[in-house]
Structures are given as structure tokens and as C-alpha cells.
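Colleague:
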Amino acid sequence: MTTVAGDGAAVTRLGSGGPWEAVYGYSRVVRAGGLAWTAGCTSTVDGRVAHVGDAAAQTAQALRIGLDALAGVGAEPSDVVRTRMYVTDRSYVDEVGRAHNAVFGAVRPAATLVVVAGLIDPEHLVEIELEAWLGDG
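Count along the sequence shown from 1, then add 29; that gives the number in my numbering.
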């Protein structure tokens with residue numbers, strides 16, 4: 030964890046130990062004041078893709094990873110105000126959307142779902158970013 034103070038607001042950056050964070054130079058989650066953002070979350074567990082071929086299960090896993098990261102900076106699922114979902118095939122849209130609804134149906138954050146050409150590992154079917162508002166922190 031690194032925390033840097035600037036202009037009166039602390040910025041906290043946490044890593045998860047994921048395989049690409051140190052190599053590509055990013056944090057799993059960053060909190061600045063009352064806002065927190067995750068990096069793109071996939072269903073990578075212990076350096077391997079979990080739930081190969083199952084878009085719904087990959088979505089659930091990616092959301093767990095993102096929510097765990099947000100919890101590390103004090104956010105709860107109800108604090109999530111925006112999600113971005115990237116899927117590698119249009120045929121996964123309904124599965125991914127329903128898995129998102131299972132977690133955020135009551136919260137109803139602003140959401141975007143985009144079909145992309147591919148993700149970092151060809152076995153990844155979905156990648157998700159989360160944004161949370163924790164107040165004027």
C-alpha cells in the first residue's frame with residue numbers, strides 16, 4: 030500500500046499481487062478523497078484464469094475481486110456509482126448483464142457494457158472496472 034498526501038487529500042493505492050500490476054505499473058484500486066476506482070478486474074485467481082469458457086462465472090469472480098479491492102479502501106457495494114464491462118463477444122452480453130444485476134440490482138450504478146476485440150489473456154471473456162463514491166472523505 031502507498032499513501033501520498035497532496036493538496037490536503039490523501040491518495041491511497043493498493044495492489045493485489047496480480048501478475049500484471051508490477052510489470053505494467055498500476056494499482057488494483059486507488060482512492061483519492063471520496064472517490065475510489067479499480068483497475069480492470071478479470072477472473073484471474075492466483076495468476077490463472079478461473080472459469081474458462083463461462084462468462085457469467087467470470088463476471089461474478091471479477092466483481093468479487095473488484096469489491097474486495099474497494100473494501101480495502103473502505104468502500105462497500107452500495108458505494109459503487111459506476112461500472113464498465115468489456116466483453117469479448119456479443120453473445121456474452123446477457124450472461125454478463127445478469128451476473129452484474131445479481132450483485133448490483135439494488136444499487137443500480139451507472140453502467141456501460143462494450144464488446145471489444147479481445148483482452149490480455151485469450152481465456153478472459155470479460156473485464157470490469159468499478160468506481161465508488163465514499164463521500165467527501
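Idealized CB from N, CA, C, for every residue including glycine.
Since the model is a prediction, treat every value here as computed from it, not as a measurement.
Can you check which of these residues, 109, 153, 113 and 87, is closest to residue 128 by C-alpha distance?
Modeller: Out of 109, 153, 113 and 87, 87 has the C-alpha closest to the C-alpha of residue 128.
Colleague: Quick check: the Cα distance between residue 44 and residue 57, rounded to an integer number of angstroms?
Modeller: Between the alpha carbons of residue 44 and residue 57 lies a gap of roughly 5 Å.
Colleague: Let me make sure I understand the geometry here. Which of 144, 119, 140 and 97 has the alpha-carbon closest to that of residue 72?
Modeller: 97
Colleague: Could you tell me the alpha carbon to alpha carbon distance between residue 62 and residue 117, rounded to whole angstroms?
Modeller: Distance between the alpha carbons of residue 62 and residue 117: 33 Å.
Colleague: Considering only the beta carbon of each residue, do residue 108 and residue 162 sit closer than 9 Å?
Modeller: yes
Colleague: Would you list the one or two residues that DSSP bridges to residue 66?
Modeller: 59 and 160
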